[in-house]
Every structure is written in structure tokens, then in C-alpha cells.
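Trainee: Provided herewith is a single structure, encoded as C-alpha cells, for subsequent inquiry.
Now the structure itself:
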């Protein structure tokens, strides 16, 4: 829908292969209608993840999709079901699962080096507090803005809400929370063995921009409690909340992991040998390679659809609890908020017609 972006992408691909064969489409439906596409990747703004992925699954494509899995929790369940019905392979761009130090820490947690994990802290980036000053500007002729908005509620064009800034507008993205919960929150679920479940209650608070056109929270923190009593604290890092994922045992011991770093208390927890078992973990060292191999063998990827949906759900539930300003009770088996119509509606927002 942005012809300038499309042209630059074409030039990059053509340059790589030394020809002019890269086809460009202004509408993904035209691409899928070819009938000879086996695999697609999705790197659009969040609000377009589900419509494109569901159409691709129905067209017989395997899919590598960026996180978050979908823009809303209800979309996530619909996409999981659509992929299963059509027998498609899915890999999420939660690539930390294919990085050695994250795998090492998760193995140690799964091996029981901390005993029972009672708490996990997930530190994410702080959001953007206010949009730039200025006027909305004029939509460039290169952008099909109506198609860019797609399934989201229509709003007049504003240059501060598109391209690199869409993430700070909740109609299009989910702020830093939804951008990063599919990384560090995903590792938390992986370590806990919670890839197919979710919390039973969530409560927290956030600070939101009071001026400008952005509305995603910039300071945020919430606690998600699981059926076995495990607590997951999620928020923007700083002070006591370190960037990354920190697992705590009942005795106060902990293991922490972030990109390129890991530590523990006591330090010996990272030195102890771990019995040579798989602990129910898929070991990947090449995230895209893992996806391609699964597409060939019809095996499972390291971040399949259900896993991606449950990781994103942490963020969706946190967002809703913070916006409501009260505790949200949740049934992870039925994916409903019993007796809470307000929360249920926020987790299943309506869409503009003609885009799904």
C-alpha cells in the first residue's frame, strides 16, 4: 500500500538476484490469488497481521509472522484455529528462542535448578510519552491510506500515526508492551512451561500520553497470576525491574537472561551441569531455518501458533486490565472473562468491513 516502500524492496531483491524478476503487488490478495505461493512472511503493522495471515492460510501458505501474533486476543484464537483447520506451518518472529543463552537459561529453569518457580519478572522498554508537535500533514500520493488503515477504525490521515509511529497508536499497534512481550514474555512462558495456557487474573496500572495523538502507555506495570500461584510481573524496565526475564525460586534464588547477558544468584546456578535431556524443548539455532525445515517436514516450529498466541495474550490482558483500572479475571481454557462484558468487548474489538 506504500509504493515507495514497495519499490525500494523490489530494488533490493532485484539487486540481490541480478535481474528484474521481483513482482510487486499493491494488494496481498492479488499475490495469494496466484496459487503458486508456498511461503509468505508478514512484517506489517500489528493491525494487519491477522487478516493477511488468515487469508494466506486459506490459500495454502505456510507463514513466518512477526510478533505480536495478532492485534487483539480474539483475533489470535481465530488465527490459531484457521491455521489448524488448513494444516499450515507457523513460525513467530520471537527469535530469542533460537539464541543460545536464552535456551540455556530455560533449560536450567526446566531442569529444576531453582526448584519451583514462584515469580518471573519481565522488563520491557519504556514507551513514547508524547507525539511530535506539528500538523497532521498531507497524505503522500505513494500511500493508499484507506488500505493502510484496513480493518481498524478509520481516522483522518496524520503523519505522526503512520510509518514508524503507528506503534504508539492503539488502533494500529500496542506500544512497547505488545512489541516486546513476544520476546521477553515469551521466554517467561517458555521457561514456565506455559506455552498453552495463560493467567487467571491480571491487575496493574499505566501512564498514558495526555497531549498529542498517541495513546499507547509509556509507563506500565501489571501482575499476571497463574492457576498454580506463579506471578509474572511485566512492565517497563528500570529500578528493581531489569530488562529481560528473571526467574525466581521459592528460596529467593534467581536466574536472569537478556540479549547477550545472563546472571544468577547464587552464581553457581549458571555453572551447574544440566542433565542431557530435552525437557520438552525444541532446540533451534537458526530461527528462519527452523521455519523452513518445518515447512519441508511438516514438523513443529520452535514458536508455533498456540505458543505465539499465548505469549501475546499476556500483553493483551495486561493492556485491558490497565485501561480498566481494576483486576481482570480470566479463564485461560475458554479464553473468556466471566461476567465481565467490558473486558470481553475490549479483547474482541470490531473491525471495519471488507478487510477480513
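Numbering (this note's numbering), first residue to last: 1 to 356.
Think of the CB as a built atom: it goes at the ideal place given N, C-alpha and C, for glycine as much as any other residue.
Take every Cβ of the region 223 to 238, pair it with every Cβ of the region 129 to 144, and state whether three or more of those distances are shorter than 8 Å.
Mentor: no
Trainee: For the alpha helix (DSSP H) that residue 324 lies in, which residues bound it at each end?
Mentor: 305 to 324
Trainee: List the endpoints of the continuous alpha helix (DSSP H) containing residue 10.
Mentor: 3 to 17
Trainee: Looking only at its chain, what residues have a beta carbon closer than 6 Å to the beta carbon of residue 258, apart from the 5 residues adjacent to it on each side?
Mentor: 243, 244
Trainee: Using C-beta distances below 8 Å, list every residue in its chain close to residue 248, excluding the 5 sequence neighbours before and after it, in chain order.
Mentor: Answer for residue 248: 114, 117, 118, 119, 120, 121, 254, listed in chain order.
Trainee: Runs of 3 residues minimum, wholly inside the region 115 to 155: which ones carry the beta strand (DSSP E) assignment?
Mentor: Fully enclosed beta strand (DSSP E) runs of 3 or longer: 117 to 124.
Trainee: Rounding to the nearest angstrom, what Cα-Cα distance links residue 229 and residue 149 in this structure?
Mentor: Whole-angstrom Cα-Cα distance: 40 Å.
Trainee: Considering Cα atoms alone, identify which of 286, 306, 294, 218 is closest to residue 98.
Mentor: 286
Trainee: Helix, strand or coil: which one does DSSP assign to residue 201?
Mentor: Assigned with DSSP and collapsed to three states, residue 201 falls in strand.
Trainee: Which whole runs of the beta strand (DSSP E) in the region 77 to 112 are 3 residues long or more, in chain order?
Mentor: 90 to 92
Trainee: How about residue 53 and residue 39: do their beta carbons lie closer than 7 Å?
Mentor: no
Trainee: Between the alpha carbons of residue 332 and residue 73, how many angstroms are there, rounded?
Mentor: 11 Å
Trainee: What did DSSP end up calling residue 255 once you bin it into helix, strand or coil?
Mentor: Correct three-state label for residue 255: strand.
Trainee: Would you mind stating whether residue 124 and residue 315 have Cβ atoms separated by less than 7 Å?
Mentor: Between residue 124 and residue 315, the CB-CB gap reaches or exceeds 7 Å.
Trainee: Name the two residues that bound the continuous alpha helix (DSSP H) containing residue 28.
Mentor: 28 to 32
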